Amino acid sequence: MTNVYVMEKIPEKIIIPLKQHDGCLCTPLVSKGDMVAMGQKIGECECYDSASVHSSVCGEVISIEETANPNGSKVNSIIIQPAEAVECVDLTPVKDVSASKLVDVIKDAGIVEHYGTPTHKVLRPEGKQIDTVLINATSSEWIGGHYDTSAQYASQMIDALKLLMKAAGASKGAVVLRNDDLESINAFDHLRVDGKLLTVAPLMGKRKLSYYFKNMGSDIIVVSQERIYGQKILDLLTYNLTGRRVSFCCDPTDVGVAICGVKSAKALYDAVHEGRPYIETVVSVSGKVNSPKKILVKIGTPFKDVIDACGGYMGDTGKLIANGAVTGVAQYTDDVPVTKMTTSITVLSADEVIRDVSIDCTHCARCVDVCPVNLIPSRITAFADQGRFDECRQMNILNCVECGRCSAVCPSKIHLLQLIRYAKNSIENAYEDLSSKESPANLKLGCGCSGGK
Amino acid sequence: MTFTISAPPHKKENITFKKIMWAKVLALMPAVLLSVYLFGLPAIGLVAASIFAAIATEAAIQKAFGQKITIADGHAVLIGLMVAMIIPPEVPLWIPMIGTVFAVGIGKHAFGGIGSYVFNPVLAAWLFLSLAWGSIMAPASYPQTSALFELVLENGAGVMAGVSPFFILLAGAVLIFRRYIEWRIPVAFFVTTVLLAFLLGDSLSYVVLGVVVFGVLFIATDTSTSPTTKNGRVIYGIVCGVLVVVYGHFANYVDGTFYGLFLANCVASLIDNNTLPASYGTETFLQCKYRSIVSKIPFKDRLEVFLDD
Ligand code: SF4
Ligand code: SF4
Numbered sequence: 001m002t003n004v005y006v007m008e009k010i011p012e013k014i015i016i017p018l019k020q021h022d023g024c025l026c027t028p029l030v031s032k033g034d035m036v037a038m039g040q041k042i043g044e045c046e047c048y049d050s051a052s053v054h055s056s057v058c059g060e061v062i063s064i065e066e067t068a069n070p071n072g073s074k075v076n077s078i079i080i081q082p083a084e085a086v087e088c089v090d091l092t093p094v095k096d097v098s099a100s101k102l103v104d105v106i107k108d109a110g111i112v113e114h115y116g117t118p119t120h121k122v123l124r125p126e127g128k129q130i131d132t133v134l135i136n137a138t139s140s141e142w143i144g145g146h147y148d149t150s151a152q153y154a155s156q157m158i159d160a161l162k163l164l165m166k167a168a169g170a171s172k173g174a175v176v177l178r179n180d181d182l183e184s185i186n187a188f189d190h191l192r193v194d195g196k197l198l199t200v201a202p203l204m205g206k207r208k209l210s211y212y213f214k215n216m217g218s219d220i221i222v223v224s225q226e227r228i229y230g231q232k233i234l235d236l237l238t239y240n241l242t243g244r245r246v247s248f249c250c251d252p253t254d255v256g257v258a259i260c261g262v263k264s265a266k267a268l269y270d271a272v273h274e275g276r277p278y279i280e281t282v283v284s285v286s287g288k289v290n291s292p293k294k295i296l297v298k299i300g301t302p303f304k305d306v307i308d309a310c311g312g313y314m315g316d317t318g319k320l321i322a323n324g325a326v327t328g329v330a331q332y333t334d335d336v337p338v339t340k341m342t343t344s345i346t347v348l349s350a351d352e353v354i355r356d357v358s359i360d361c362t363h364c365a366r367c368v369d370v371c372p373v374n375l376i377p378s379r380i381t382a383f384a385d386q387g388r389f390d391e392c393r394q395m396n397i398l399n400c401v402e403c404g405r406c407s408a409v410c411p412s413k414i415h416l417l418q419l420i421r422y423a424k425n426s427i428e429n430a431y432e433d434l435s436s437k438e439s440p441a442n443l444k445l446g447c448g449c450s451g452g453k
Numbered sequence: 001m002t003f004t005i006s007a008p009p010h011k012k013e014n015i016t017f018k019k020i021m022w023a024k025v026l027a028l029m030p031a032v033l034l035s036v037y038l039f040g041l042p043a044i045g046l047v048a049a050s051i052f053a054a055i056a057t058e059a060a061i062q063k064a065f066g067q068k069i070t071i072a073d074g075h076a077v078l079i080g081l082m083v084a085m086i087i088p089p090e091v092p093l094w095i096p097m098i099g100t101v102f103a104v105g106i107g108k109h110a111f112g113g114i115g116s117y118v119f120n121p122v123l124a125a126w127l128f129l130s131l132a133w134g135s136i137m138a139p140a141s142y143p144q145t146s147a148l149f150e151l152v153l154e155n156g157a158g159v160m161a162g163v164s165p166f167f168i169l170l171a172g173a174v175l176i177f178r179r180y181i182e183w184r185i186p187v188a189f190f191v192t193t194v195l196l197a198f199l200l201g202d203s204l205s206y207v208v209l210g211v212v213v214f215g216v217l218f219i220a221t222d223t224s225t226s227p228t229t230k231n232g233r234v235i236y237g238i239v240c241g242v243l244v245v246v247y248g249h250f251a252n253y254v255d256g257t258f259y260g261l262f263l264a265n266c267v268a269s270l271i272d273n274n275t276l277p278a279s280y281g282t283e284t285f286l287q288c289k290y291r292s293i294v295s296k297i298p299f300k301d302r303l304e305v306f307l308d309d
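So the sequence lines, in the order shown, correspond to chains A and B.
Just so we're aligned, residue 1 is where the first sequence starts under the numbering used here, counting upward by one.
Just so we're aligned, residue 1 is where the second sequence starts under the numbering used here, counting upward by one.
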């Protein structure tokens, strides 16, 4: 069991961005000078695609202003100066609630997937029906919370999965582990769910989840598969697990699949069993810090304080990266807060910073060999570079999971990932106003996904 | 505290074009040393003249067109070395020099430099020299591997590339192991060649030659002139194999290798364009047929366990 440390020291200030998800900004419920308690709701969501935010400490609101956010932009945030006293709002567990009430609980607790979508929107997308809920525990930062034993982790995950299924009204659910993560596989093996013994099934060949559901005669299963990583893995994950293709402009909910992370599952478990909103999260700190570790911090803690809690910087610091050493976002300041979307912090030393000059592509095909979704990155980037986005699309650029492997192996040091992202963004922007273009013409250009059917 | 910001990925492999080129030059060194032993000092002169001409041409062209001078990346050196290795060592020194000037000037730079040329510059130079000075370029002897020992030191070798199939193979294996060169092309090539030569009744002792091994490991795998798709590279290897055997069967396997590979270069991009991979989750033709047949079977509920969905 990987040890998770708890950050005891309360930082000097806590920065709570009013937007810790993809969607609209929350409306602040407090103003400068107010005292807030721990767990108090300080930002209310007004539209469906946003999630509330809560204060993670007890203290005084010293300002509400735009501050740097780990995603690289500036976001209106509430800055709180923690007080000596620890005052906490009453936490009331909400057991045995109806499915629709559960969705409200999720929304009120401000639970957000680490990829940005609020969890209630994943489970209850407007106008779509979810039939399968997946908990993706394949990433390296799988630890979502603080558990005493790995068995506790496993049983909490199964309970959380049941809650998620209930909230979504889905009949089937699966936890997806990583093949080489023996610890969790052992923890899940021989666990009893509703009297039935659970076995972790490795995904083999072309078999999909439906086969395993049938084979094991159970609606809740645990499977394991190869590690997939990247910024946009949801579509690939959906295909690998269920065999359903997610079309362009759609997401897995369009084909009836809700993908949740370990963290949001844990947050839901806490919200239901303890009544606690989503105010703390585990981040793994790695790289050039004096004692790298996984640490439980309050949401809103500045990176600076997290790094201090990990023994401070080691030597000359070159880069500070949020969310993944390979594909994360490099920060320009360490005064950015940990948000609900932060999974890891990596520090690189000054001499690890890469300064490469690209030369021409030599068609060595190394990028082709490493691409997990069978693209020809060299050719796609050549098109992207010339702005020929339609050709990029024909070459399935939208399948790219943005894992960055292609850039990492290129001997010519071409910025493949950057160019691919540029083309993908341009394509997505071009289709942004698709629905408004469709309606006057009474044309249906949309996708082929049919809401889970 | 100042931090550097840049787009991801933040970690990359420590591999550069330069590294790959110099590794190839190094890998050819055992064969060069052996040929000095076999052919004597003229071999050194040949290599030196050829590399010198290659570097000078590259520098002159890049200077003239105001480009960045890239001699240090080792590509010109590699071209020079490889041209020297496929020319008979007895030729006057101006032959390799003209050859490399042609290779670097026309073969490489006229087509747009690294990554853009269509024909391997070394092959282009060999072809040019053979057509222009056929009598000088004909090697003194055509080799045959008659004893196992000849695999290490081929006595009848006419050119430096042919002195030792074993050492060239070893060098290639190391490069493949380090992922500096491609494995699909050589494997597909060897399988095709051995199979075809066997069918045509050509004795393998004419096929397993230093020159053939050199050609497939170092010339056919040249990245700019081979396809990039995975399937494409297998097909390309097969095409190379077929062409080399066709030429070799009717003439000899030394010239056959070069002509065969040169022709294969012509179809490389055609293969590339026709083997673009489909998106994941696309059914192949056979799967499609299989599904349509299975869906017509009555009582297929019972069979459903075998189907995925
Ligand atoms: S790895 Fe780089 S040089 Fe090689 S084919 Fe891909 S883009 Fe071109
Ligand atoms: S194109 Fe590059 S970033 Fe995209 S999936 Fe392939 S290897 Fe990963």
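A virtual CB, placed ideally from N, CA and C, is assigned to each residue, including glycine.
None of the values given here were measured: they were computed from a predicted structure.
Within the segment 21-55 of chain A, no residue has its Cβ closer than 7 Å to any Cβ of chain B. The three-state reading of DSSP puts B:Arg179 in coil, since its state is none of H, G, I, E or B. Apart from sequence neighbours up to five positions away, the residues of its chain that approach A:Asp270 with a beta-carbon distance below 7 Å are Arg276, ordered along the chain.
Residues of chain B with a Cβ closer than 9 Å to the Cβ of A:Asn179 do not exist; the shortest Cβ-Cβ separation is about 19 Å. Against B:Glu182, the close residues of chain A are Ala365, in the order they occur along the chain (beta-carbon pairs closer than 7 Å). Bounds of the beta strand (DSSP E) holding A:Glu60 are 59-68. Short note on A:Ser412: C-beta closer than 6 Å to some heavy atom of ligand 1. The shortest C-alpha to C-alpha distance from A:Ala170 to any of A:Ser139, A:Ala154, A:Ala258 is the one to A:Ala258.
A straight line joining the alpha-carbon of B:Gly99 with that of B:Ile15 spans about 30 Å. Annotation for B:Glu58: the continuous alpha helix (DSSP H) segment containing it runs 42-64. Interface with chain B (7 Å Cβ-Cβ cutoff): A:Ser224 is excluded.
Shown here for A:Arg244: same chain residues with a beta carbon closer than 7 Å to its own, the five before and five after excluded, namely Thr238, Val255, Val257 in chain order.
Between B:Ile235 and B:Ile271, the CB-CB gap stays under 7 Å. Here the alpha carbon of A:Lys208 sits roughly 33 Å from the alpha carbon of B:Lys11. In this structure, the C-beta of A:Cys361 approaches ligand 1 to less than 6 Å from one of its heavy atoms. For A:Tyr229, the closest of A:Cys403, A:Val347, A:Ala330, A:Thr342 by C-alpha to C-alpha distance is A:Cys403. Interface flag for A:Thr327 against chain B is set, since a Cβ pair is found closer than 7 Å. Of all alpha-carbon atoms in B:Gly172, B:Ile87, B:Val118, the one lying nearest the alpha-carbon of B:Ser135 is that of B:Ile87.
Uninterrupted alpha helix (DSSP H) stretches at least 4 residues long and entirely within the segment 340-379 of chain A occur at 366-370, given in chain order. The beta carbon of B:Gly248 sits closer than 6 Å to the beta carbons of Gly256 from its chain, once the five residues preceding and following it are set aside; these are given in chain order.
For A:Pro93, the three-state secondary structure derived from DSSP is coil. Beyond the five residues adjoining it in sequence on each side, B:Ile95 comes within less than 7 Å, by CB distance, of Ile87, Leu129, Trp133, Ile136 in the same chain, given in chain order. Interface criterion met: the Cβ of A:Asn399 is under 7 Å from a Cβ in chain B. Look at B:Leu153 here: in three-state DSSP terms it is coil, with no helix or strand label. As the crow flies, the alpha-carbon of A:Arg388 is around 11 Å from that of A:Met395. Inclusion of A:Ile414 and A:Cys361 in the CB contact set at 7 Å is warranted, their separation being smaller than that value. Annotation note: the segment 81-138 of chain A contains the following uninterrupted alpha helix (DSSP H) runs of length 4 or greater, listed N- to C-terminal: 99-108, 119-123. In the three-state DSSP reduction, A:Cys310 falls in the coil class, being neither helix nor strand. In the three-state DSSP reduction, A:Met204 falls in the coil class, being neither helix nor strand. A:Cys364 and A:Ile130 have their C-alpha atoms spaced approximately 43 Å apart.
Burial check for A:Ala187: the Cβ neighbour count within 10 Å reaches 16 or more, so the residue is buried.
One thing to note: B:Val83 has its Cβ within 7 Å of the Cβ of B:Ser50. Looking at the DSSP output, A:Gln225 bridges to A:Arg178.
Each residue's CA atom was taken as its position, placing B:Leu204 and B:Pro121 some 29 Å apart. Remark: C-beta atoms of A:Gln40 and A:Ser55 approach each other more closely than 7 Å.
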